[in-house]
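Quick mapping for you: the protein sequence lines, in order, are chains D and A.
Quick note on numbering: the first sequence equals residues 11 to 302 in this note's numbering.
Quick note on numbering: the second sequence equals residues 189 to 401 in this note's numbering.
Beta carbons: idealized from backbone N, C-alpha and C, even for Gly.
Just so you know, these numbers come straight off a predicted model, no measurement behind them.
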Amino acid sequence: MNTALAITGLTKKYSHFTLDNISFCIPSGSIVGLIGENGAGKSTTIHSILGLIKKDSGKITILGHDIDNFDYAVKEKVGVVFDGSNFSEELTPVKLSKVLRDIYSSWDQSYFNNLLNRLNIPAAKKIKTFSKGMKMKLSIATAFAHHPNLLILDEATSGLDPIVRDDILDMFLEFVQDEEHSILVSSHITSDLEKVADYIVFMHAGKIIFCRPKDELLEHYGIMKCGAAQFDAIDKDDMIAYRKQDYEWQILVANRQKAAKKYPKVMVTAATIDEIMLLYVKGEKNERVNSQ
Amino acid sequence: MKGLIRNNFYSMENNIKISFIMALFSAAVSFFVKHDAFIQMIIAMQLFLFIVNAGASLHADEVSKWNRFELTLPVKSNDIIKAKYISFAILILLGIVMGSITAIYACVTNGFSNVYSIFYGYEFGLTLSATTAGIMYPLMLKIGTEKNELIMILSAIAAVGLPVLSSVILAPLTGEMNMKHPLVGMVSSIAALGIFIGSYFVSVKIHRLKEFH
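Below is the structure:
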């Protein structure tokens with residue numbers, strides 16, 4: 011399997027924060043969702059990948075090219091969308107396309123026009139008159155219009171209404187269908203990632219907590235809910251993380267089917283990515299299980 | 189790089205239109221006033237009018253985070269800076285064109301024929317514009333554009349200071365401290381162009397070391 015993006019041992023130190031030895035990869039044809047609370051290190055990771063900040067150590071390879079010896083032509087094959095519009099407010103989409111077609115040799119004007127129509131973006135209006143959602147749609151259209159092989163999106167679906175978000179998520183799924191294209195998307199909206207991501211990379215306090223196939227998380231991870239007495243009887247090795255809420259204990263387990271058989275009197279439900287993230291961040295972690 | 193220059197001008201479009209109107213108005217005023225000093229000042233002002241747009245444009249780039257986004261484009265870091273300096277040079281050229289309109293207008297309609305006076309207007313305008321752009325851009329790149337007006341004013345003050353400094357240094361050759369001496373005008377203009385070109389290399393270095401969040 012080819013790798014669109016590979017990160018090994020990425021480290022970036024600030025006085026108040028350290029991105030600590032991050033490693034993960036994006037197989038070609040897949041969507042990888044980067045999740046974590048604010049300040050977890052998602053944007054620092056993405057900015058390091060894009061060379062916007064200088065990493066202290068580690069290796070980043072995009073489409074087989076080491077970013078330290080980056081041929082700028084490789085950037086032709088990378089589409090980028092940040093949170094919000096990054097274009098001059100005085101521009102219209104028509105003028106923006108004139109700018110970008112002089113920059114990207116692979117710029118596809120007719121595809122861009124199609125995207126403007128599909129996403130209901132007015133071509134001749136100034137960007138400053140657009141809503142936040144409209145600006146995001148324009149950013150996404152420009153990222154698609156030069157036919158990149160890798161899309162990197164930092165909170166790209168934030169500010170969009172559910173219907174537009176759904177359209178955009180469908181575009182992501184279409185994009186990766188031929189197994190040649192890949193997406194790295196960071197998002198707070200984990201329900202979006204549950205819909206489209208193949209892998210979930212969960213970051214917390216500058217570290218990767220896990221990098222797992224989404225299906226494995228959704229099909230196997232579970233939340234056990236029980237009282238104090240039942241909690242005491244549960245083998246700690248079965249717990250990934252746990253927390254007490256009012257009179258109820260919530261326990262995150264890696265295999266809910268196995269847990270349901272082993273503890274038939276305890277309610278075990280499927281865990282959403284949000285719940286997994288919350289228990290990891292706010293709960294007590296079983297370090298022995300997590301280090302395995 | 190063509191796309192980057194195009195983007196710079198699109199984002200300044202409205203301000204450039206205002207500068208054109210002001211420059212045309214100044215040219216029209218020169219019809220009524222035949223005084224040498226006035227024509228000189230109009231030409232110098234017309235040259236400077238266009239470069240002041242650069243500050244607003246740089247601020248807009250930072251607010252929209254275009255300056256971060258353009259690093260993800262398939263262009264070399266040097267070309268990003270080069271595009272800025274070419275845009276500044278085009279703005280100065282626009283000022284020279286407007287100044288020439290004033291000069292021709294004054295000569296044709298008023299019979300104004302003091303060539304040196306016109307030439308001094310160009311020299312002073314060029315000194316102001318090139319020095320302001322050359323100081324302003326690396327400063328904004330280094331410390332950000334939040335105080336873009338202050339940086340612009342300080343750069344302009346430094347630009348005015350350059351001919352003053354030249355006249356002081358050249359006083360032994362010109363006989364006295366004379367800002368309007370041809371030698372002072374020429375040395376100031378060459379020094380301003382030197383600052384502008386040197387500023388490009390400083391900006392390239394700052395840009396390479398800068399982190400964009």
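In or out: residue i buried (at least 16 other Cβ within 10 Å) or exposed?
{"i": "D/N48", "result": "exposed"}
{"i": "D/G237", "result": "exposed"}
{"i": "D/A280", "result": "exposed"}
{"i": "A/I209", "result": "exposed"}
{"i": "A/N203", "result": "buried"}
{"i": "A/H223", "result": "exposed"}
{"i": "D/D202", "result": "buried"}
{"i": "A/M286", "result": "buried"}
{"i": "A/H401", "result": "exposed"}
{"i": "A/L371", "result": "exposed"}
{"i": "A/V221", "result": "exposed"}
{"i": "A/L329", "result": "buried"}
{"i": "A/F219", "result": "exposed"}
{"i": "D/I210", "result": "buried"}
{"i": "A/P351", "result": "buried"}
{"i": "D/A134", "result": "exposed"}
{"i": "D/Y257", "result": "exposed"}
When you compare only the Cα positions, how much space is there between residue i and residue j?
{"i": "A/S376", "j": "D/A50", "result": "53 angstroms"}
{"i": "D/H26", "j": "D/A215", "result": "11 angstroms"}
{"i": "A/L281", "j": "A/N196", "result": "15 angstroms"}
{"i": "D/L148", "j": "D/F80", "result": "27 angstroms"}
{"i": "D/I233", "j": "D/I72", "result": "37 angstroms"}
{"i": "A/G309", "j": "A/I227", "result": "7 angstroms"}
{"i": "A/N336", "j": "A/A232", "result": "22 angstroms"}
{"i": "A/M374", "j": "A/T297", "result": "28 angstroms"}
{"i": "A/K205", "j": "D/I56", "result": "39 angstroms"}
{"i": "A/L314", "j": "D/K217", "result": "54 angstroms"}
{"i": "D/I41", "j": "D/V276", "result": "35 angstroms"}
{"i": "A/E364", "j": "A/L353", "result": "13 angstroms"}
{"i": "D/E204", "j": "D/K224", "result": "7 angstroms"}
{"i": "A/I341", "j": "D/S168", "result": "39 angstroms"}
{"i": "D/I59", "j": "A/A294", "result": "58 angstroms"}
{"i": "D/M249", "j": "D/K292", "result": "14 angstroms"}
{"i": "A/P326", "j": "A/L338", "result": "14 angstroms"}
{"i": "D/N130", "j": "D/I178", "result": "12 angstroms"}
{"i": "D/A243", "j": "D/S53", "result": "41 angstroms"}
{"i": "A/L397", "j": "D/Q240", "result": "57 angstroms"}
{"i": "D/E100", "j": "A/A248", "result": "9 angstroms"}
{"i": "A/A346", "j": "A/H369", "result": "20 angstroms"}
{"i": "A/L235", "j": "D/G94", "result": "36 angstroms"}
Classify residue i as helix, strand or coil using the three-state DSSP reduction.
{"i": "D/K22", "result": "strand"}
{"i": "D/L15", "result": "strand"}
{"i": "D/A264", "result": "coil"}
{"i": "D/E294", "result": "strand"}
{"i": "D/D1", "result": "The first residue shown for chain D is 11 and the last is 302, placing residue 1 of chain D beyond what the model contains."}
{"i": "D/T167", "result": "coil"}
{"i": "D/A251", "result": "strand"}
{"i": "D/D202", "result": "helix"}
{"i": "D/T279", "result": "strand"}
{"i": "D/S116", "result": "coil"}
{"i": "A/K222", "result": "coil"}
{"i": "D/N31", "result": "strand"}
Check whether the Cβ of residue i lies closer than 8 angstroms to any Cβ atom in chain D.
{"i": "A/I260", "result": "In the sequence as presented, Ile is not what sits at residue 260 of chain A; that position holds Thr. Yes, contact with chain D."}
{"i": "A/Y293", "result": "no"}
{"i": "A/A248", "result": "yes"}
{"i": "A/F236", "result": "no"}
{"i": "A/G243", "result": "no"}
{"i": "A/H401", "result": "yes"}
{"i": "A/K272", "result": "no"}
{"i": "A/F257", "result": "yes"}
{"i": "A/K190", "result": "yes"}
{"i": "A/V263", "result": "yes"}
Compare the C-beta of residue i against all C-beta atoms of chain A and say whether one is closer than 8 angstroms.
{"i": "D/K85", "result": "yes"}
{"i": "D/S33", "result": "no"}
{"i": "D/N123", "result": "no"}
{"i": "D/D112", "result": "yes"}
{"i": "D/F97", "result": "yes"}
{"i": "D/E100", "result": "yes"}
{"i": "D/K105", "result": "yes"}
{"i": "D/V195", "result": "no"}
{"i": "D/F92", "result": "yes"}
{"i": "D/K108", "result": "yes"}
{"i": "D/Y24", "result": "no"}
Next item on the list: Check each residue of the segment 309-342 of chain A: if its Cβ is closer than 9 angstroms to any Cβ of chain D, include it; give the result in chain order.
Entry: none
Next item on the list: Report the residues of the segment 41-71 of chain D with a CB closer than 8 angstroms to any CB of chain A, ordered along the chain.
Entry: Taking 8 angstroms as the Cβ-Cβ cut-off against chain A, the residues of the segment 41-71 of chain D that qualify are S53, H57, L60, G61, L62, I63 and K64.
Note to self: Beta carbons nearer than 7 angstroms to chain A: which residues of the segment 124-153 of chain D have them?
What the structure shows: none
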